[in-house]
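*Asks:*
Residue numbers (our numbering): 6 to 106.
1. Going along the chain, which residues of its own chain have a beta-carbon closer than 7 Å to the beta-carbon of residue 43, five neighbours each way excluded?
2. Could you give the DSSP three-state label for residue 31: helix, strand or coil?
3. If you pair each beta-carbon of the region 65-80 with each one of the region 43-53, do three or more pairs fall below 8 Å?
4. Please say whether residue 81 and residue 39 have beta carbons closer to each other than 8 Å?
5. Rounded to the nearest angstrom, what separates residue 23 and residue 30 at their Cα positions?
6. Taking 8 Å as the limit between beta carbons, can you name the residues of its chain near residue 131, skipping five residues before and five after?
7. When burial is assigned at 16 or more other CB atoms within 10 Å of the CB, is residue 52 buried or exposed?
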């Protein structure tokens with residue numbers, strides 16, 4: 006099954022790819038430095054993979070940048086249409102009440 010691309014994933018992947026090119030290192034070398042499989046890195050760079058925070062930190066460390074570099078400037082508008090950001094009122098409504106715990 007092929008994962009759907011999202012605008013957010015594509016932007017993050019593009020930033021990873023650009024930073025790798027700036028450091029003039031191969032995909033295999035970056036994957037090794039970040040302690041990840043090269044196929045996982047390829048999926049991230051192509052915008053198919055959806056990296057976890059841990060993976061972004063691994064990549065940032067390997068590329069000697071701050072993890073925020075990958076998401077700087079992204080907003081809720083960049084999220085896929087099927088992902089709705091929670092408002093504070095939505096979040097509070099979803100929390101169990103103290104007397105229900």
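Think of the CB as a built atom: it goes at the ideal place given N, C-alpha and C, for glycine as much as any other residue.
*Replies:* Reading off the structure:
1. Correct list, in chain order: 32, 33 and 36.
2. Here residue 31 carries a coil assignment [DSSP, helix/strand/coil].
3. No, the region 65-80 does not touch the region 43-53.
4. Contact annotation: residue 39 and residue 81 have beta-carbon atoms that are not nearer than 8 Å.
5. Distance between the alpha carbons of residue 23 and residue 30: 11 Å.
6. The chain is shown from 6 up to 106; residue 131 falls before or after that span and cannot be answered.
7. Classification for residue 52: buried.
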